[in-house]
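Colleague: Residue numbers (UniProt numbering): 1 to 203. Built from N, CA and C at the ideal position, the CB exists for glycine as well. Only a predicted model underlies this, so the values are computations on that prediction, with no experimental measurement involved. Dropping the structure in here first, questions after.
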Amino acid sequence: MEVLDLDSDCFLVKLDNEQDYFRALTDGPWVIFDHYLVVQQWSPDFSTSDPLPKTMIVWVQFPALKVHFYHKEVLTALGNLIGRTIKLDYHTLTQQRAKFARLAVEVDLSKHLVPRIFLDGRWQKVEYENLPLVCFECGRIGHMKALCPSLRPKGSAGEIVLAGSLSPTMTRPAEVESNPGFGPWMLVTKKKLAELKGQPQKR
């Protein structure tokens with residue numbers, strides 16, 4: 001591992017081991033002396049003068065997802081509706097667990113979190129693990145509802161529709177809700193996180 005000290009309390013870390021690389025990206029958020037350490041993939045657009053990181057990789061869960069959606073291509077497409085799919089949980093990929101599907105997704109911090117998607121004729125909840133400071137007014141990371149700088153915009157902001165069918169059994173494509181509601185149910189409970197502790201993660 002090589003660490004390069006940059007300005008603005010930023011560091012560039014180079015890892016030769018792929019397993020360590022994905023662990024650093026997806027096993028967080030990392031906390032050092034009660035402060036969150038934001039870890040993200042390096043990009044040519046990165047600048048230490050930016051006040052906040054533009055993206056963050058988080059674990060998301062699809063609770064009670066129908067079993068016939070447990071396919072790599074389908075889950076990757078669903079994750080891409082939330083952000084950009086980075087990897088699938090080992091137990092999800094091997095279909096060893098069906099209570100919920102789990103995957104790591106890179107989310108855009110300038111946009112609100114996606115609380116649910118319309119999939120196969122019903123609303124599918126999306127839950128997020130270990131997120132710091134989620135505002136249930138605007139759905140963004142970084143502040144609480146009491147300190148929200150503005151109310152959630154009214155009206156439709158448009159819909160994101162996945163072109164084509166995700167599987168032969170689907171009756172319609174998946175959609176992201178255009179005017180969602182936010183709440184504590186978006187966050188994975190400590191009990192569920194405790195159940196995941198110690199499980200191996202693979203690509």
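(1) TYR128 bridges to which residues according to DSSP?
(2) Just tell me which of GLU106, GLN19, TRP42, VAL126 has its CA closest to the CA of PHE11.
(3) Along the chain, where does the beta strand (DSSP E) that runs through VAL38 open and close?
(4) Which residues in the same chain as ALA98 place their Cβ atom closer than 6 Å to its Cβ, once the five residues preceding and following it in sequence are excluded?
(5) DSSP on PHE118, reduced to helix/strand/coil?
(6) Assess, as a yes-or-no matter, whether the region 44 to 51 is touched by the region 69 to 79 under the definition of 3 or more beta carbon pairs within less than 8 Å.
(7) Can you name the residues that DSSP bridges to LEU65?
(8) Tell me the residue span of the beta strand (DSSP E) that contains VAL13.
(9) Please report the Cβ distance between LEU81 and VAL114, rounded to the nearest whole angstrom; I am assuming they are in contact, meaning their Cβ atoms lie under 8 Å.
(10) Quick check on this structure: which residue in THR55, PHE182, ARG116 has the alpha carbon closest to the alpha carbon of VAL134?
(11) What whole-angstrom Cβ distance do VAL105 and VAL39 have, given they're in contact under 8 Å?
(12) I need the boundaries of the beta strand (DSSP E) containing VAL105, first residue and last residue.
(13) From PRO53 to ASP5, what distance separates their C-alpha atoms?
(14) Can you check whether the CB of THR92 is closer than 9 Å to the CB of ARG102?
(15) If you follow the beta strand (DSSP E) that ASP5 is in, where does it begin and where does it stop?
(16) Is the Cβ-Cβ distance between THR189 and VAL107 less than 9 Å?
(17) Which of the three DSSP states is assigned to THR55 in this structure?
Modeller: To lay it out plainly:
(1) Stepping through the sequence shown from its first residue, residue 128 is reached at position 128. TYR128 pairs with VAL60, LEU187.
(2) Working through the sequence shown from its first residue, we reach residue 11 at position 11. Checking every option, the nearest Cα to that of PHE11 belongs to TRP42.
(3) Residue mapping note: residue 38 aligns to position 38 of the sequence shown, counting from 1. Counting along the chain, VAL38 falls outside any beta strand (DSSP E), and DSSP gives it neither H nor E.
(4) To locate residue 98, count along the sequence shown from 1; it is residue 98. The answer, listed in chain order, is VAL67.
(5) Counted from its first residue, the sequence shown places residue 118 at position 118. Three-state DSSP puts PHE118 in a strand.
(6) no
(7) By 1-based counting over the sequence shown, the position of residue 65 is 65. None, per the DSSP bridge assignment.
(8) Here residue 13 refers to the residue found at position 13 when the sequence shown is read from its first residue. First-last of the beta strand (DSSP E) with VAL13: 11 to 14.
(9) Looking up residue 81 in the sequence shown gives position 81. Looking up residue 114 in the sequence shown gives position 114. With 8 Å as the limit, LEU81 and VAL114 qualify as a contact, their Cβ atoms being about 7 Å apart.
(10) Looking up residue 134 in the sequence shown gives position 134. The candidate whose alpha carbon is nearest that of VAL134 is PHE182.
(11) Mapped onto the sequence shown, residue 105 falls at position 105. Mapped onto the sequence shown, residue 39 falls at position 39. Contact doesn't hold; Cβ gap of about 14 Å is too wide.
(12) To locate residue 105, count along the sequence shown from 1; it is residue 105. Note, VAL105: beta strand (DSSP E), 100 to 108.
(13) Along the sequence shown, read from residue 1 onward, the residue named residue 53 stands at position 53. Along the sequence shown, read from residue 1 onward, the residue named residue 5 stands at position 5. Roughly 17 Å between the two C-alpha positions.
(14) Mapped onto the sequence shown, residue 102 falls at position 102. Mapped onto the sequence shown, residue 92 falls at position 92. In contact: ARG102 and THR92 (Cβ atoms closer than 9 Å).
(15) Locating residue 5 in the sequence shown gives position 5, where the first residue counts as 1. From DSSP, the beta strand (DSSP E) with ASP5 extends over 2 to 5.
(16) Here residue 189 refers to the residue found at position 189 of the sequence shown. Here residue 107 refers to the residue found at position 107 of the sequence shown. Not in contact: THR189 and VAL107 (Cβ atoms no closer than 9 Å).
(17) The residue labelled residue 55 in the question sits at position 55 within the sequence shown. Strand.
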